[in-house]
Ligand SMILES: Cc1ncc(C[n+]2csc(CCOP(=O)(O)OP(=O)(O)O)c2C)c(N)n1
Ligand SMILES: [Mg+2]
């Protein structure tokens, strides 16, 4: 990779589950002008009081190294792990997608949802809410197909990721 | 809050929160606190009133409290401590906090806050202090539970002084200061912190690679910064040992002055925008550079793509995020400067390869030729005092007194002249705002140093514009009888601004004239200090002597040439080898490019 090549990075950050920690991470990205493509956070270990942040970002190798070093020096950060660099990993996102329509459009939407393994979690005579998990591309593709069929609203979690195999952060 | 789970013995006795805070400060070794009272911190002031262990210095503005604590911290190596009230007290402190963040100075700043049940209600003197100071500090805390109070204070001191030091804020709601709280002792030094454990011991493989590069080097340069000073006096001693055992040239950054003795023949002076010709050319032409505790700041590197183009770079820093930030390096070393230097010295001895003695001797001949240009030479002719001459005489005359001397500065040309003409032999004697470049830093910083070193000579080399930014601290000097000397190089201009306008903006001196200046002699007298003035060159020495002889605060108004520029200078966006040496060269200097003009 040359010095100017841009790559994506999915970074897992284990942090203290305390007030302000998300603001620190977001402030770091905005203050230093780094990209955030997606950012998710949730507590993962109640006993040790840890939360896990998954950030999807992009930049040159030097910038991504900077991002990791800057994250790592935040006081409440326990561990920073570059899943993209460290090997095969899974990325998933959950989306709730509302489609409003009647007649042919409804039938077509249902058929496509089935093909994409989206579940119907709410239905009225005029609407569906589909639930779908997958990577961002799959959700993007599904939403694109729903647009002409009455796509009304989308809510997405952003990516969560984990390494394949026995490796842990 | 990360310290709460650290199991430390809680005493069953409950005391008001304010007392618990003071007890924790005492346990952390705090002797002095710089502060300013207000409603939200009255419980702490009440507790201060009832004890003698901690001395409170009442400043006249909260920004000055932080700068004073910085001066105290930098001149002692201890953590500086600040106490301010909520709202405006906290916001006034912000400039000082950012200053300390940029220059890696350990500070713990206690801020008052409205009681917990009012937070978020726009209560009187409420400000979102943790929100405002989040990017202004290394870390901050809002204490919401009495049982966390003592542990947070201990944690704050650990964070402020560990790794790359920095400022830490503890926001203290008033109810927490009043409610009874348990005391917990600081965790033992051996107890690892839950999440913040900076690496201090270097990787030996990298040390060996660094030594191998340096042994093979024909044109080496050692480039040492403020990290060496922050690592304690031992690190400076080790730097001296390493430089002398290698016989390599050594340069210091603005923050690193004093890390290596200025009088040593191996010292080539400060580097960077206003550094010496020889230091910058050493950097440019070097084949191996050993950076210890400096951060390849833009004031030092000049144009990045032309920075030391042919050198292999070794970078040792306690902060991994400083490495490969601006400049890609060949050998990264994460560690404390003292530990790194100790390892380098041992590895240098262990490595049986002979260094490039002859090549390095030839390198020194090249360096000596650059030195012979005498880039800092100036001519003091006629009656008008040259600012360079004023600083040089200040240095020479203070030297003759043999007194331990601490020099602080404001920001501008006078700061650069002080850096160029005052030689520092020891660390911790030079207090200047490097990263943030904060006008108004010098007077409170000198005050903090004087508190820590009552018998030393503490001088603020000032500009007539900067000094007005925290002039109110003259009142603090009077109250505590602090004999700080304010040495104003009065050129009646914001000289550094005027210089840039001359060089980059066609001589249009927009708003840079110091109009309507006060009479500094009378001003000194109004503040119960001694005022003196030198208007002509023949008065200069007498004024300096009188200033040093007076056992109390002094303002010396030194009327200097109004149009003098600070040279050498690497214009913004230019590489090191395109340095402007003096006024005659301004014309032939390559016109500053538009790219250069956008830089500050
Ligand atoms: C708080 C602050 N405001 C503005 C500046 C920009 N600035 C840098 S140097 C300077 C002029 C300083 O003038 P003076 O104190 O007289 O010093 P001189 O350069 O004349 O020696 C200014 C305005 C700054 N560094 N800090
Ligand atoms: Mg001036």
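Residue numbers (my numbering), protein chains in the order written: chain Z, 1 to 169; chain C, 1 to 600. Just so it is clear, CB atoms sit at the ideal spot from N, CA and C, and this is done for glycine as well.
Secondary structure of residue i, DSSP reduced to three states
| i | result |
| --- | --- |
| residue 303 of chain C | coil |
| residue 312 of chain C | strand |
| residue 56 of chain C | strand |
| residue 320 of chain C | helix |
| residue 485 of chain C | strand |
| residue 257 of chain C | coil |
| residue 376 of chain C | coil |
| residue 82 of chain C | strand |
| residue 113 of chain C | strand |
| residue 141 of chain C | strand |
| residue 550 of chain C | coil |
| residue 276 of chain C | coil |
| residue 72 of chain Z | helix |
| residue 530 of chain C | strand |
| residue 192 of chain C | coil |
| residue 130 of chain Z | strand |
| residue 336 of chain C | coil |
| residue 122 of chain C | coil |
| residue 266 of chain C | coil |
| residue 245 of chain C | helix |
| residue 3 of chain Z | coil |
Reference residue i, options the options, closest by Cα
| i | options | result |
| --- | --- | --- |
| residue 100 of chain C | C/41, C/582, C/125, C/70 | C/70 |
| residue 327 of chain C | C/147, C/305, C/345, C/570 | C/305 |
| residue 473 of chain C | C/112, C/484, C/41 | C/484 |
| residue 191 of chain C | C/154, C/160, C/226, C/167 | C/154 |
| residue 142 of chain C | C/117, C/113, C/265 | C/113 |
| residue 147 of chain C | C/352, C/16, C/264 | C/16 |
| residue 280 of chain C | C/307, C/46, C/318 | C/307 |
| residue 402 of chain C | C/455, C/553, C/30 | C/455 |
| residue 520 of chain C | C/572, C/311, C/67, C/463 | C/463 |
| residue 226 of chain C | C/39, C/220, C/252 | C/252 |
| residue 126 of chain Z | Z/100, Z/114, Z/47 | Z/100 |
| residue 131 of chain Z | Z/120, Z/141, Z/137, Z/124 | Z/120 |
| residue 278 of chain C | C/239, C/413, C/249 | C/249 |
| residue 51 of chain C | C/23, C/73, C/293 | C/23 |
| residue 45 of chain Z | Z/142, Z/29, Z/18, Z/63 | Z/18 |
| residue 414 of chain C | C/460, C/370, C/398 | C/460 |
| residue 611 of chain C | C/288, C/352, C/377, C/386 | With chain C covering only 1 through 600, there is no way to say anything about residue 611 of chain C. |
| residue 161 of chain Z | Z/49, Z/149, Z/2, Z/87 | Z/87 |
| residue 65 of chain C | C/81, C/355, C/76 | C/81 |
Residue-level contact to chain Z via CB, residue i, 8 angstroms cutoff
| i | result |
| --- | --- |
| residue 320 of chain C | yes |
| residue 331 of chain C | no |
| residue 313 of chain C | no |
| residue 196 of chain C | yes |
| residue 7 of chain C | Because the pLDDT at residue 7 of chain C is just 47, under 50, the model does not fix this residue reliably, and the point stays unresolved. |
| residue 324 of chain C | yes |
| residue 485 of chain C | no |
| residue 328 of chain C | yes |
| residue 3 of chain C | Residue placement at residue 3 of chain C is poorly supported in this model, since its pLDDT is 47, which falls under 50; the coordinates are not used for a value here. |
Near ligand 4: residue i beta-carbon under 7 angstroms from a heavy atom
| i | result |
| --- | --- |
| residue 136 of chain Z | Summarising the ligand content, the structure contains ligand 1 and ligand 2 and does not contain ligand 4. |
Short CB-CB distance (under 8 angstroms) between residue i and chain C
| i | result |
| --- | --- |
| residue 16 of chain Z | yes |
| residue 33 of chain Z | no |
| residue 12 of chain Z | no |
| residue 72 of chain Z | yes |
| residue 23 of chain Z | yes |
| residue 27 of chain Z | yes |
| residue 20 of chain Z | yes |
| residue 148 of chain Z | no |
CB contact below 8 angstroms: residue i versus chain B
| i | result |
| --- | --- |
| residue 5 of chain Z | In the structure shown, chain B does not exist; the protein chains are Z and C. |
Which residues, in order along the stretch 44-70 of chain Z, keep a beta-carbon less than 8 angstroms from a beta-carbon of chain C? Residues passing the 8 angstroms Cβ filter: 49, 62, 65, 66, 69, 70.
Chain-ordered residues of the stretch 124-149 of chain C with a beta carbon less than 9 angstroms from chain Z: 130, 131, 134, 135, 138, 139, 140, 141, 142, 144
Taking Cβ-Cβ distances below 7 angstroms as the criterion, which residues of the stretch 158-172 of chain C are in contact with chain Z? Those residues of the stretch 158-172 of chain C that come within reach of chain Z (Cβ to Cβ, closer than 7 angstroms) are 159.
Proximal residues, the stretch 74-92 of chain Z versus chain C, C-beta separation under 7 angstroms: Taking 7 angstroms as the Cβ-Cβ cut-off against chain C, the residues of the stretch 74-92 of chain Z that qualify are 75, 76, 77, 78.
Whose beta carbon lies closer than 7 angstroms to any heavy atom of ligand 2, going through the chain in order? C/412, C/413, C/414, C/463, C/464, C/465, C/489, C/490, C/491, C/492, C/493, C/494, C/495, C/514
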